[in-house]
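Notes follow once the structure below has been shown.
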């Protein structure tokens, strides 16, 4: 997706653009659940077609390890939608093609090496490009970042228990260590049911969940989720790295339509400014622009994730009680908090709340999180 948005942006400025796609069909395999706000899509300059929008979500149920779930209504102004990523990506490819980009299917990029004045791209043939944008996904992450990939799987399920307008999230450090299980409705009696977690058999975990709930599985997908934060450098000479390849998915949930998509838009604009306007700093400006928008959000979310990964179910239950007490999730699902999770953490968590959280999980990660939020609050005074 990030690569297609970069191609669309660059081609619209008049550049000659080629998109090299390893698979034989755009949008397949469909590895993303497609949950995003319309506000985020508008920031990307994209209005999805009616065919691409599967559903609109109005409610979230957050299930603790035991006891009653927390129920939250989503903002009507926000409008959270579920996309069919296969159709959505095909529409992006059509948009890029209409601007003049060439889409090359079934060709795998081996490597890209910068040479004098161009980038040498090794595929089924040698290609030369003045700018190369890396968007191959998690397979292109550096070795040290590969450790932050969580095994994940998703079933497309048909069942009567699925609530058409309600997302369900199940949190349990024993069953889903380091992550959670989710149910995202595609429509009436149909949902994407997925799970991720450290050192778990995702298919067996989903089978056990559906054994209790019931339902007919019509599709199975397996793909890792990345939660390790951005890589150190997005730009290397004439090469820019975007999307999953750059670690631009959210450390909190692994989602990235907004953060990865905007990277693609910024990179496409940077390529045009570099080549057409002679702005030699344009590629680095892409990196600085993305970091200006997301660096603090990702830093806080990553620290919060490290805290969460150390929590047992007893601690999680206590945090659920804190969430109920302060009604934190209602803030999360308002306009800015849905797409940038650190905003609700910083705005809502008072010193008193942080002390309570510290008492639940006495770890170095909590102290670091408190320090980051304290510095943020000091800067605002």
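Residue numbers (our numbering): 115 to 495. In this text, a Cβ means the ideal position worked out from N, Cα and C, and glycines have one as well. These figures come from a predicted structure and were not determined experimentally.
Item: Every unbroken beta strand (DSSP E) within the segment 147-192, with a cutoff of 3 residues, ordered by chain; Value: 149-151, 167-171, 173-177 and 184-187
Item: 6 angstroms Cβ shell around residue 123 - same chain, five flanking residues per side excluded; Value: 379, 382 and 383
Item: Through-space distance from residue 282 to residue 197, alpha-carbon basis; Value: 17 angstroms
Item: Where residue 321 falls: helix, strand or coil (DSSP); Value: helix
Item: Any 3 or more C-beta pairs closer than 8 angstroms across the segment 227-240 and the segment 346-363; Value: yes
Item: Close-in-space but distant-in-sequence residues of the same chain around residue 203 (CB under 8 angstroms, 5 per side omitted); Value: 115, 118, 140 and 141
Item: Sub-8 angstroms separation of residue 396 and residue 247 beta-carbons; Value: no
Item: Sequence-distant residues of its chain with Cβ nearer than 7 angstroms to residue 209 (five each side left out); Value: 122
Item: Contacting residues, own chain, Cβ-Cβ under 6 angstroms from residue 214 (five flanking each side not counted); Value: 125
Item: Neighbourhood of residue 338 by C-beta, 7 angstroms cutoff - its chain only, sequence neighbours within 5 removed; Value: 252, 263, 264, 265 and 266
Item: Contact between the segment 395-413 and the segment 363-379 (3+ Cβ pairs under 8 angstroms); Value: yes
Item: Continuous beta strand (DSSP E) stretch holding residue 296: start and end; Value: 295-301
Item: Same chain, Cβ closer than 7 angstroms to residue 218, five either side skipped, listed in chain order; Value: 132, 133, 134 and 135
Item: Beta-carbon proximity check, residue 159 vs residue 199, cutoff 8 angstroms; Value: no
Item: Length of the line joining the Cα atoms of residue 301 and residue 437; Value: 29 angstroms
Item: Per DSSP, cross-strand counterpart(s) of residue 330; Value: 272
Item: Minimum length 3: unbroken beta strand (DSSP E) runs contained in the segment 325-410; Value: 330-336 and 353-355
Item: Residue 364 and residue 373 closer than 8 angstroms at C-beta; Value: yes
Item: Cut-off 6 angstroms between Cβ atoms - residues of its own chain near residue 269, not counting five sequence neighbours on either side; Value: 307, 320, 331 and 334
Item: Candidates 211, 193, 175 and 413, of which the one nearest residue 296 by Cα; Value: 175
Item: Residues bridged to residue 281 [DSSP beta-bridge criterion]; Value: 174
Item: Cα-Cα separation between residue 178 and residue 336, rounded to whole angstroms; Value: 25 angstroms
Item: For residue 143, the nearest candidate out of 276, 201 and 155 (CA to CA); Value: 201
Item: Cutoff 6 angstroms; reference residue 150; Cβ partners in own chain excluding five residues on either side; Value: 371
Item: Whole-angstrom distance between residue 294 and residue 182, CA atom to CA atom; Value: 17 angstroms
Item: Alpha carbon of residue 328 to alpha carbon of residue 276, nearest angstrom; Value: 10 angstroms
Item: Residue from 305, 165 and 394 with nearest C-alpha to residue 280; Value: 305
Item: Backbone CA spacing between residue 310 and residue 303 [nearest angstrom]; Value: 23 angstroms
Item: Given residue 221 as reference, the closest of 408, 239 and 390 once Cα atoms are compared; Value: 239
Item: Through-space distance from residue 146 to residue 411, alpha-carbon basis; Value: 21 angstroms
Item: Reduced DSSP secondary structure (H/G/I, E/B, other) of residue 230; Value: coil
Item: Where residue 246 sits in the DSSP three-state scheme; Value: strand
Item: Alpha-carbon to alpha-carbon, residue 165 and residue 205; Value: 10 angstroms
Item: Status (buried if at least 16 other CB within 10 Å, exposed otherwise) for residue 130; Value: exposed
Item: From 432, 440 and 189, residue whose alpha carbon lies closest to that of residue 180; Value: 432
Item: Residue 323 Cβ short of 7 angstroms to the ligand GDP heavy atom set; Value: What this structure holds is no ligand at all, so the ligand GDP is not there to describe.
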